[in-house]
Each structure stands twice: as C-alpha cells, then as structure tokens.
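Peer 1: Residue numbering for the sequence shown follows the numbering used here, beginning at 1092 and increasing consecutively.
No residue lacks a Cβ here, since even glycine has one placed at the ideal position from N, Cα and C.
Remember, predicted model here, so these are calculated numbers, not experimental data.
Take this structure, written in structure tokens, and hold onto it; I'll ask about it next.
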Amino acid sequence: AKIEYFNPSGSVKDRILPFLVSEAERRGDLLPGMAIIEGTTGNTGIATSCVGAAKGYPVVIVMPDGMSDERKKTIRAYGAELVLTPGAESDVDLVIEKVKELKAAAPGKYWEVGQFVNTDNIEAHYRTTGPEIWEQTGGQIGALVLSQGTGGTVTGASKYLKEQNPNIKVFAAEPAECAILSGGSWGAHKIEGIGDGFIPEVLHVEYLDGVVTTTSDESLEMARRLAREEGIFCGISSGCNVAAALKVAHRYPDIGMIVTVLSDNGLRYFSTELCGVTTDLEVPDRDHPITDADKAKLARVKLEVIH
C-alpha cells in the first residue's frame, strides 16, 4: 500500500493541486487578483486551501455539510471560506450546482479547480503516481486497486502502468451502497471522499478491467484493523481500498503483487463512525437516476464485478 498522508496537507490530493494551479497560471486561466473555488468532499478542498494560502490566492470551498468536522476546521484553518450544501458523500451534484451559482454571480472572479473534469488531474498522476508505483515495485505489479472519487488517481496511474505492461489489471473500488460503476443504483454511504453518485469525466473507464464493491461497514472495519493490527491509522476510503485489494487477491490468488493507496490519515476522522461517533445526518430526499451519459460510458466497456 502506498501511504499518501505524509504529503503537505495530508492526502493524495497534494499530488494534483500544485500542478493544476501552476498549469492554470501558465495558461492565463488563473490571474493575480482572482480567487480559487472548488467543490469537494474534503481532501481536495484541504489541498486547495493549502496551495491557495501558500500562493496568496483567496479560496472558496463548497462541501457537503455531512463531511467530518476535521475537514471543515482544517479548510478554515488555511483561511479559506467554506460554503456548505445539504447531504454528504453521495450528494456532490448539489455541490457542483452551488459552485456554478457562485461563479455565475461573480463573472471573472473565480478560477475553478474542477477536479472532476480537469484533465490535468489525470496528468499529475500519470507523471508521478504511476511512475513511482512502477519504480518502487520493480515493475512486478500485477494489479492496481483504487477507490474512485474523481477518478484522477486510477486513470492517470493506470494509463502509465498499462503503457509499461498491458497485462496489469486495474480495478476501481466503490461503495456497495452507491455502486454506479458496477451497475447498481445511487445511495447514501459512509466512505468519505468516494462514491459521489456519478461517473466523473476524469474517470476513463476504458483503463479499468473491473470494479470491486465494498460496504461502508467493511471499509470502516478494515480501517480500524489497519490501525490496531498494522499501526497504520488511515481514513475510511483507505480501508475500502485494502478491503477491495483483498477481494481481488482472493479472486486471483496468482495475480502477483497488488498495489493500492492509503489516501489520508485517520486524524481527519475523529468525529466520524471510524472513531465511534455517529451522527444523525438528514440526506435530501430526491430522485437520483443514473444519467444517460453515464449509462453510455458503461455500455462501451465490459467490467468484471467483484462483490
């Protein structure tokens, strides 16, 4: 497992934000005097706030209200303005709508990171995460298993790795309660940072060989086990990644080395069920059908599903 919580703001998202900001500056999309805005479930918002503070840009972060208190406090600690929307992990569409609303109200004021659509997200992982995995495993990797948030990590890393060895299998992990990639339906879940309820443009499903579903309870329990049995205190999505990697190992016992990522630290989850805190969150009662565009993406590929 590749541990990513030693990065400056504490997560895998530090791989993309400096690159996205520098590319926006180079293209003239982000100019002095502008502010940075982003919709997030947490880690990208924290990384954006960190980079914005370091480079002197005001930052506005839009995030679901149901995310952990630690995420909210960290974003504010970097000096960013935090705007909260209803719901939690699987209500990111409401976040995106709020970002659009804020941008429309102040034309020219904001540069949007756009993690779900910005292809620089893929490029950052193609340049860093993929090569590091290849080098650090001595090219012996047999499979890559990564939970899917924006899809930037799994797309960028798998693009590079499959160029080195097309036989490497790549599996996306997703919450069983919100199993969009594996042909299920939208639903609420407890794995912060993934399972946003749609297929982002940044996720290129053609690089995937399959999808692994893990329940919220499986992910929580694995994260707790990693702390108690391995001394690795990581977040819930990291538990999801390891649980999914073990399912792949059971399905393919001869596949060789399986690589996954521990995306962030458990210190970001003291106010969540990972640490025994339950909250009574009101999730918006609304229809949430899978879009025709997402159905078309899935129709183009044949993905193995592992439950």
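#1: Measuring CA to CA, which of Ala1179, Lys1104, Val1112 and Leu1237 is closest to Asp1371?
#2: Report the residue ranges of all alpha helix (DSSP H) runs contained in full by the stretch 1336 to 1375; include only those spanning at least 4 residues, in chain order.
#3: Is the stretch 1268 to 1279 touching the stretch 1241 to 1255, taking contact as three or more C-beta pairs under 8 Å?
#4: Counting C-beta neighbours from all protein chains within 10 Å, is the total for Lys1164 16 or more, i.e. buried, or is it exposed?
#5: Are the Cβ atoms of Ile1213 and Thr1176 separated by less than 8 Å?
#6: Kindly confirm or deny that the stretch 1253 to 1271 and the stretch 1284 to 1296 touch, where touching means at least three C-beta pairs closer than 8 Å.
#7: Look up Ile1127 in the DSSP assignment and give the residues it is bridged to.
#8: Could you check if Lys1386 is buried or exposed, using at least 16 other CB atoms within 10 Å of its CB as the buried criterion?
#9: Measure the C-alpha to C-alpha separation of Gly1147 and Pro1123 and round it to an integer number of angstroms.
#10: Apply the 10 Å Cβ neighbour rule to Asn1258 and answer buried if 16 or more other Cβ atoms are within range, or exposed otherwise.
#11: Determine the contact status of Ala1138 and Lys1104, defining contact as a CB-CB distance below 8 Å.
#12: What does a CB cutoff of less than 7 Å around His1280 pick up in its chain, not counting 5 residues either side in sequence?
#13: Quick check on this structure: which residue in Pro1149, Pro1155 and Val1183 has the alpha carbon closest to the alpha carbon of Tyr1169?
#14: For Gly1326 versus Asp1300, is the C-beta distance shorter than 8 Å?
#15: Looking at the structure shown, is Pro1266 part of a helix, part of a strand, or coil, going by DSSP?
#16: Return the chain-ordered list of same chain residues with a C-beta closer than 6 Å to the C-beta of Glu1453, the five sequence neighbours on each side being excluded.
#17: Beta carbon of Val1186, beta carbon of Gly1143: below 8 Å?
#18: Using only CA atoms, which one of Leu1108, Lys1260, Gly1205 and Ala1126 lies nearest to Thr1351?
#19: Would you say the beta carbon of Phe1110 is closer than 7 Å to some non-hydrogen atom of the ligand PLP?
#20: Give the DSSP-derived three-state secondary structure of Ser1181 in the structure shown.
#21: Can you tell me whether DSSP reads Pro1222 as helix, strand or coil?
#22: To the nearest angstrom, report how far apart Arg1162 and Arg1359 are at their CA atoms.
#23: Do you know offhand how far Val1151's Cα is from Cys1141's?
#24: Specify, as a first and last residue, the run of the beta strand (DSSP E) that Ser1238 falls within.
#25: Nearest CA to the CA of Leu1311: which residue from Val1392, Arg1377 and Phe1361?
#26: Mind reading off the beta-carbon distance from Ile1397 to Ser1328? Whole number of angstroms is fine, and I expect it under 8 Å.
#27: Measure the beta-carbon distance from Glu1203 to Lys1194 and round it to whole angstroms, keeping in mind my assumption that it falls under 8 Å.
#28: Exposed or buried, Asp1211, counting other C-beta atoms within 10 Å across all chains shown (16 or more means buried)?
#29: What number of angstroms, rounded off, separates the C-alpha of Ala1092 from the C-alpha of Arg1218?
Peer 2: In this structure, then:
#1: In the sequence shown, the residue the question calls residue 1371 occupies position 280. Out of Ala1179, Lys1104, Val1112 and Leu1237, Ala1179 has the C-alpha closest to the C-alpha of Asp1371.
#2: You should have found no qualifying run.
#3: no
#4: If you number the sequence shown from 1, residue 1164 lands on position 73. Lys1164 comes out exposed.
#5: By one-based count along the sequence shown, residue 1213 stands at place 122. By one-based count along the sequence shown, residue 1176 stands at place 85. Going by C-beta atoms, Ile1213 is not nearer than 8 Å to Thr1176.
#6: yes
#7: In the sequence shown, residue 1127 corresponds to position 36, counting from 1. When DSSP reads this structure, Ile1127 sits in a beta bridge with Val1150 and Trp1202.
#8: Locating residue 1386 in the sequence shown gives position 295, counting from the first residue. By the neighbour-count rule (16 or more Cβ atoms within 10 Å), Lys1386 is not buried but exposed.
#9: Walking along the sequence shown from the start, residue 1147 turns up at place 56. Walking along the sequence shown from the start, residue 1123 turns up at place 32. Whole-angstrom Cα-Cα distance: 9 Å.
#10: Here residue 1258 refers to the residue found at position 167 of the sequence shown. That one is exposed.
#11: On the sequence shown, residue 1138 is found 47 positions in, with the first residue counted as 1. On the sequence shown, residue 1104 is found 13 positions in, with the first residue counted as 1. In contact: Ala1138 and Lys1104 (Cβ atoms closer than 8 Å).
#12: Walking along the sequence shown from the start, residue 1280 turns up at place 189. Only Glu1180, Ser1181, Pro1266, Glu1268, Cys1269, Gly1286 and Ser1307 meet the Cβ criterion.
#13: Along the sequence shown, one-based indexing puts residue 1169 at 78. Ranking Pro1149, Pro1155 and Val1183 by Cα distance to Tyr1169 puts Pro1149 first.
#14: Residue mapping note: residue 1326 aligns to position 235 of the sequence shown, counting from 1. Residue mapping note: residue 1300 aligns to position 209 of the sequence shown, counting from 1. With a cutoff of 8 Å on beta-carbon distance, Gly1326 and Asp1300 are scored as not near each other.
#15: The residue given as residue 1266 occupies position 175 in the sequence shown. Looking at Pro1266 - three-state DSSP - the assignment turns out to be strand.
#16: A question about residue 1453 goes unanswered here, because the residues of the chain that appear run from 1092 up to 1398.
#17: In the sequence shown, residue 1186 corresponds to position 95, counting from 1. In the sequence shown, residue 1143 corresponds to position 52, counting from 1. In this structure, Gly1143 does not lie closer than 8 Å to Val1186 by Cβ.
#18: Locating residue 1351 in the sequence shown gives position 260, counting from the first residue. Nearest of Leu1108, Lys1260, Gly1205 and Ala1126 to Thr1351, Cα basis: Lys1260.
#19: Of the ligands one can find in the structure shown there are none, so the ligand PLP has no counterpart to examine.
#20: As a first step, residue 1181 is located in the sequence shown; it is residue number 90 there, counting from the start. Reduced to three states, the DSSP call for Ser1181 is coil.
#21: Locating residue 1222 in the sequence shown gives position 131, where the first residue counts as 1. Residue state, collapsed to three classes: helix.
#22: Here residue 1162 refers to the residue found at position 71 when the sequence shown is read from its first residue. Here residue 1359 refers to the residue found at position 268 when the sequence shown is read from its first residue. Answer to the nearest angstrom: the Cα atoms are 6 Å apart.
#23: For the purposes of this step, residue 1151 is identified with residue 60 of the sequence shown, where counting begins at 1. For the purposes of this step, residue 1141 is identified with residue 50 of the sequence shown, where counting begins at 1. Straight-line Cα distance between these residues: approximately 12 Å.
#24: On the sequence shown, position 147 is the one that residue 1238 refers to. Unbroken beta strand (DSSP E) run through Ser1238: Ile1232 to Ser1238.
#25: Against the sequence shown, residue 1311 aligns to sequence position 220. Closest option to Leu1311, Cα to Cα, is Phe1361.
#26: The residue you call residue 1397 lines up with position 306 of the sequence shown. The residue you call residue 1328 lines up with position 237 of the sequence shown. About 17 Å separates the two Cβ atoms, so there is no contact after all.
#27: Taking the sequence shown and counting its residues from 1, the one referred to as residue 1203 is at position 112. Taking the sequence shown and counting its residues from 1, the one referred to as residue 1194 is at position 103. That belief holds up - the Cβ atoms of Glu1203 and Lys1194 are roughly 7 Å apart, short of 8 Å.
#28: Stepping through the sequence shown from its first residue, residue 1211 is reached at position 120. Label assigned to Asp1211: buried.
#29: Position 1 of the sequence shown holds residue 1092. Position 127 of the sequence shown holds residue 1218. So the alpha carbons of these two residues sit roughly 19 Å apart.
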